[in-house]
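Visitor: Note that our numbering gives residue 24 to position 24 of the sequence shown, counting from 1, and the numbers run on in steps of one. Positions of the beta carbon are idealized from the N, C-alpha and C atoms, including for glycine.
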Amino acid sequence: MEDGRRCRWGTRQTERTHCLSVDIRGRHAGGRQLKATPQMMDTSPQIEIIPCKVCGDKSSGVHYGVITCEGCKGFFRRSQSSVVNYQCPRNKQCVVDRVNRNRCQYCRLQKCLKLGMSRDGK
């Protein structure tokens, strides 16, 4: 892959324009050579972005037991590190999404807890 090209998943590049079919463990599977297509040469990352379970922003991993973004991870950490007494000004039914997540700390923390976030991360 010296020239930056990639084969599609399940194949391995052996020459400039050919790919070998490989099985899930990366072993050669049958010796078939495939003609490389433009889709196989795509160099963009093939990583699926999983949304934060709290606000829907791009997640960065599992934090405190739930898939969250860095913002919700930090919010939950700060909420647990000291005694907090958040109040909801809107009947405890606020929308917690990427745009509105900072408007109501009470509802955001309740959503974190409802989803299973805990200091232990279990």
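Which same chain residues end up closer than 7 angstroms to Q87 when comparing Cβ atoms and leaving out the 5 residues on each side of it in sequence?
Guide: Against the sequence shown, residue 87 aligns to sequence position 87. Cβ neighbours of Q87 beyond the five flanking positions: Y106.
Visitor: State the start and end residues of the unbroken alpha helix (DSSP H) segment that holds G71.
Guide: Locating residue 71 in the sequence shown gives position 71, counting from the first residue. Start and end: E70 to S81.
Visitor: Pop quiz: C94 and N100 are said to be a contact at Cβ under 8 angstroms. What is the actual Cβ separation, rounded to whole angstroms?
Guide: Taking the sequence shown and counting its residues from 1, the one referred to as residue 94 is at position 94. Taking the sequence shown and counting its residues from 1, the one referred to as residue 100 is at position 100. Contact holds; Cβ gap of about 7 angstroms.
Visitor: Grab me the residues of F76's own chain with a C-beta within less than 6 angstroms of its C-beta, minus the 5 sequence neighbours each way, in chain order.
Guide: As a working note, residue 76 is residue 76 in the sequence shown. Around F76: Y64, C112 and M117.
Visitor: If we ignore side chains and look at the alpha-carbon of each, how far apart do E48 and D120 end up?
Guide: As a position in the sequence shown, residue 48 is number 48, starting the count at 1. As a position in the sequence shown, residue 120 is number 120, starting the count at 1. Roughly 27 angstroms between the two C-alpha positions.
Visitor: Measure the alpha-carbon distance for R25 versus Q110 and round it to whole angstroms.
Guide: Along the sequence shown, one-based indexing puts residue 25 at 25. Along the sequence shown, one-based indexing puts residue 110 at 110. A caution first: R25 carries a pLDDT of 44, below 50, which makes its placement in the model unreliable, though a value can still be read off. Cα-Cα distance, rounded: 43 angstroms.
Visitor: Going by beta carbon distance, what residues of the same chain come within less than 8 angstroms of R103, once the five residues before and after it are set aside?
Guide: One-based indexing of the sequence shown puts residue 103 at position 103. Excluding positions up to five away in sequence, the list reads C94.
Visitor: Go to Q110, then tell me how far its alpha helix (DSSP H) extends in each direction, as first and last residue.
Guide: Mapped onto the sequence shown, residue 110 falls at position 110. It spans Q105 to L115 - the alpha helix (DSSP H) in which Q110 sits, taken as one unbroken run.
Visitor: Quick one: what does DSSP say I50 is sitting in, helix, strand or coil?
Guide: Here the question's residue 50 lines up with position 50 in the sequence shown. Looking at I50 - three-state DSSP - the assignment turns out to be coil, as it is neither helix nor strand.
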